[in-house]
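Numbering (this note's numbering), first residue to last: 13 to 965.
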């Protein structure tokens with residue numbers, strides 16, 4: 013009989029650790045039971061994937077085991093259902109164990125995450141990928157994302173049990189460490205199709221499952237002191253849940269993790285930090301759009317337009333040198349910040365000139381406002397650090413937003429609802445952020461910081477450091493794919509890719525900033541500068557993974573040194589210092605444009621193709637800032653880790669670290685969702701048909717200054733292009749917004765993509781998209797002794813089991829005939845070097861049957877013109893050999909660009925045929941061009957010049 017107590021009869025007592033054991037047993041039974049049954053009944057089916065089967069792949073993945081077949085799926089679902097009961101109780105007991113932690117909302121937060129994880133587990137358990145792939149992925153990603161705060165929260169709330177803390181650290185480290193090889197082997201399987209890679213991936217996937225359950229199994233050591241008592245009374249339970257001081261935090265209180273965990277949590281102060289970060293995001297969004305809208309005008313004028321003067325909108329801090337203006341701006345900072353909303357409202361202006369004016373005003377106000385913000389808080393260490401952190405995290409948030417929206421920032425003035433913009437949402441959040449900074453009170457911050465000493469050295473050095481830093485952050489880190497394309501050299505893949513490795517770049521940005529906050533003396537040292545300079549050199553001189561490793565080193569250094577350089581610069585007169593900073597930034601922006609636009613600007617040939625000079629100058633400017641910062645550091649010898657100077661600073665750091673963690677989770681989720689499937693199919697795979705197109709797309713900005721990717725995607729889909737070449741396509745520069753429109757097109761159309769020569773190759777770019785796997789691709793820079801560089805891609809695709817060569821080429825400009833002659837000879841030899849079936853998608857700058865045309869179409873190249881009778885051409889040409897050409901059409905571009913889309917249809921495995929034209933009714937249905945473009949067409953896209961497609965026997 014159960015013992016009796018004063019409050020009533022105790023009918024049952026359940027030891028707390030039994031709950032953990034029940035959870036562990038049922039969870040393992042669900043997975044292991046499904047694995048045993050699956051391997052016994054459907055072994056060959058569950059080890060097979062889209063590329064290989066048994067015996068190459070011989071161990072099943074978790075998803076294949078638990079989600080596809082009966083009865084293993086039923087076994088898994090039954091045991092997971094049983095597991096849910098102990099799971100909810102486990103979360104409840106953990107909350108009870110930690111609920112009395114003083115002055116903290118963390119136990120409630122962790123409990124909420126625990127409940128959320130349990131619910132999402134049910135989501136991906138009972139909605140399998142076969143039932144609904146999208147919702148299965150949403151639940152799975154949500155579960156994985158919630159794992160990080162659950163794990164860190166449990167570590168932070170661990171009772172003073174050294175054994176349990178040790179096991180949690182080991183298991184958590186093993187869990188997150190397993191993610192690295194997991195992703196690596198998944199990419200080896202999915203992208204490179206390495207035989208057996210999926211089996212190795214499966215082992216790591218199962219390891220994650222075992223480690224995840226084992227981490228929660230450690231609660232048995234803590235729950236051994238708890239009991240669940242069931243009584244037959246309605247009286248209230250009287251218990252003492254007091255717990256000791258967290259010994260784990262005590263042991264690391266002088267380390268960064270201890271500085272983060274050992275603080276009070278306040279939702280109000282987190283909202284303050286989030287508001288400041290969003291204002292930083294807004295400034296970077298506006299600043300990164302300025303060059304983009306300026307670029308529209310010289311692009312259409314084909315030279316200097318006069319509108320380029322708008323780049324000087326950043327020099328507004330000069331006016332802070334005037335005391336009355338400085339006092340006015342400092343005392344009315346919310347007003348100055350609020351006026352930057354003009355940049356978010358700019359999309360409402362239909363006229364490109366008006367949009368440029370609105371953006372210029374917003375940049376002017378933003379530059380002066382952020383300088384004034386730092387100046388106002390220069391004597392308050394906590395506030396100054398928080399504002400600098402918000403500024404840099406704003407850049408990271410901007411990069412995450414571009415990662416999510418295929419390298420377009422959704423609040424840019426070239427975006428609107430029709431092309432994927434979220435301008436209204438951006439404006440709404442901006443209003444909330446401004447309202448928050450107006451409402452919040454200074455009492456949250458410690459104003460007792462001592463006055464600053466007079467800085468040493470000239471202010472110009474500090475200003476130059478800020479200028480170099482801003483340029484490096486903008487040109488290299490405002491998009492996570494920029495440096496990845498610096499090191500891209502074509503197929504096969506031998507280095508990082510924009511997805512998923514853009515998330516790695518974002519992670520290193522965050523890691524660098526955190527390091528700069530906790531180790532300022534290290535980040536501003538000459539040793540760190542030397543390491544960063546080595547990273548810059550490796551990025552500039554190497555390709556593939558080696559170059560990317562240099563990029564990551566440079567990324568880490570740039571964000572790490574940002575707090576030191578900005579906080580040092582603000583010690584000087586803000587007007588002079590930040591005028592020098594922004595002015596030198598502007599000079600660097602022009603410098604890095606001049607190296608590729610040398611043919612259109614005065615003095616351009618002096619810096620032609622010298623990205624190495626740009627990088628060297630950037631690091632020298634940053635070195636000037638480092639020199640100034642080291643002169644003004646508090647001491648010459650400091651220990652590596654510097655704890656926050658006061659509780660306020662420590663508390664503020666915590667919130668910014670939380671925001672950084674949130675951004676990393678978001679970036680990881682985006683990388684997962686955007687990871688390509690590589691299961692692409694041509695439009696008419698049963699007909700062995702290749703539909704190829706060439707299009708000069710004017711940097712994906714349409715005639716009215718709107719981003720044109722979505723309109724391009726619709727036309728390419730409707731014309732059923734299996735292969736398409738793009739010209740004037742390198743958008744990875746400040747003046748083009750550091751964008752990559754090919755990412756959106758490739759993912760939406762289901763195509764492989766070769767970006768072509770990267771932004772460090774000094775061309776206007778060419779790119780290739782293909783429904784067929786790209787087996788190999790080589791980038792070429794053709795002879796250009798006088799004019800602009802001519803880029804080319806030579807790619808080999810697997811079309812219906814036969815290797816076909818695709819050439820994409822942009823010739824030099826009309827003013828340089830010798831360049832074009834040399835280029836024609838080079839390309840003719842390149843095309844002639846291959847006996848495989850070939851297609852040239854090109855921009856030749858010649859009249860049909862005249863001049864260099866006869867070099868391109870010659871015995872040397874072996875190429876034929878798709879339509880020798882088409883006399884109305886000057887730029888775009890399609891040539892071919894060893895394929896049967898059956899159709900040719902010219903489709904008007906509407907207002908997307910200034911050049912039409914030319915399309916050719918070819919049959920693989922048949923002889924070339926004749927130039928005799930035939931009527932459409934003699935052509936099988938799959939070989940015909942879409943009828944929707946006849947007559948008036950759709951959206952101003954129609955067959956023109958011939959008014960209908962041409963077909964050939």
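Quick reminder that beta carbons are idealized off the backbone N, C-alpha and C, glycines included.
The model shown is predicted, which means the values in this text are computed figures rather than measured ones.
Contact set for residue i: own chain, Cβ-Cβ below 7 angstroms, skip 5 residues either direction
i, result
"residue 922", "896"
"residue 417", "432"
"residue 794", "802, 804, 835, 838 and 839"
"residue 883", "860"
"residue 798", "828, 830 and 831"
"residue 413", "421 and 422"
"residue 254", "Annotation note: pLDDT 38 at residue 254 (below 50); position unreliable, coordinate value reported separately. Closer than 7 angstroms at the Cβ level, and outside the excluded window around residue 254, lie 112."
Best match in the options for proximity to residue i [C-alpha to C-alpha]
i, options, result
"residue 968", "813, 667, 593 and 607", "Residue numbering for the chain in the displayed model covers 13 to 965; residue 968 lies beyond these limits and cannot be assessed."
"residue 469", "641, 744, 898 and 873", "641"
"residue 587", "634, 44 and 337", "337"
"residue 511", "609, 688, 423 and 362", "688"
"residue 643", "580, 71, 632 and 695", "580"
"residue 859", "885, 872, 879 and 369", "885"
"residue 887", "906, 901 and 911", "911"
"residue 741", "773, 396 and 731", "773"
"residue 845", "893, 811 and 879", "893"
"residue 668", "763, 706, 744 and 523", "523"
"residue 211", "312, 332, 71 and 599", "71"
"residue 168", "209, 143, 119 and 189", "119"
Cβ-Cβ distance between residue i and residue j below 8 angstroms
i, j, result
"residue 419", "residue 751", "yes"
"residue 89", "residue 138", "yes"
"residue 881", "residue 930", "no"
"residue 728", "residue 761", "yes"
"residue 771", "residue 557", "no"
"residue 568", "residue 410", "no"
"residue 33", "residue 232", "yes"
"residue 876", "residue 924", "yes"
"residue 494", "residue 488", "yes"
Proximity test, residue i beta-carbon vs the ligand PLP heavy atom, cut-off 7 angstroms
i, result
"residue 679", "By its list of ligands, the structure shown contains no ligand whatsoever, and the ligand PLP lies outside what it can speak to."
Beta-carbon proximity list for residue i, same chain, < 8 angstroms, skipping 5 on both sides
i, result
"residue 374", "298, 351, 352, 353, 354, 355, 356 and 358"
"residue 314", "612"
"residue 239", "25, 26, 27 and 28"
Nonlocal neighbours in the same chain, by C-beta distance under 6 angstroms from residue i, ignoring five residues either side
i, result
"residue 820", "737, 778, 780, 805 and 853"
"residue 259", "Reliability fails at residue 259, whose pLDDT of 47 lies under 50, so the model's placement of it is uncertain and no value is given."
"residue 472", "592"
"residue 673", "none"
CB-CB length for residue i against residue j, believed under 8 angstroms
i, j, result
"residue 12", "residue 840", "Nothing can be reported for residue 12: it is not among the residues displayed for the chain, which extend from 13 to 965."
"residue 140", "residue 99", "The Cβ separation is near 20 angstroms, so there is no contact."
"residue 709", "residue 909", "5 angstroms"
"residue 58", "residue 76", "5 angstroms"
"residue 213", "residue 348", "Their Cβ separation, rounded to whole angstroms, is 52 angstroms, which puts residue 213 and residue 348 out of contact at 8 angstroms."
"residue 873", "residue 952", "The pair is not a contact, with the Cβ atoms about 35 angstroms apart (cut-off 8 angstroms)."
"residue 155", "residue 132", "4 angstroms"
"residue 379", "residue 329", "6 angstroms"
"residue 680", "residue 563", "That belief does not hold up - the Cβ atoms of residue 680 and residue 563 are roughly 19 angstroms apart, past 8 angstroms."
"residue 600", "residue 629", "7 angstroms"
Under the three-state DSSP convention, the category residue i falls into
i, result
"residue 956", "coil"
"residue 120", "helix"
"residue 885", "coil"
"residue 708", "strand"
"residue 689", "coil"
"residue 609", "coil"
"residue 553", "helix"
"residue 804", "strand"
"residue 782", "strand"
"residue 768", "coil"
"residue 858", "coil"
"residue 62", "coil"
"residue 344", "coil"
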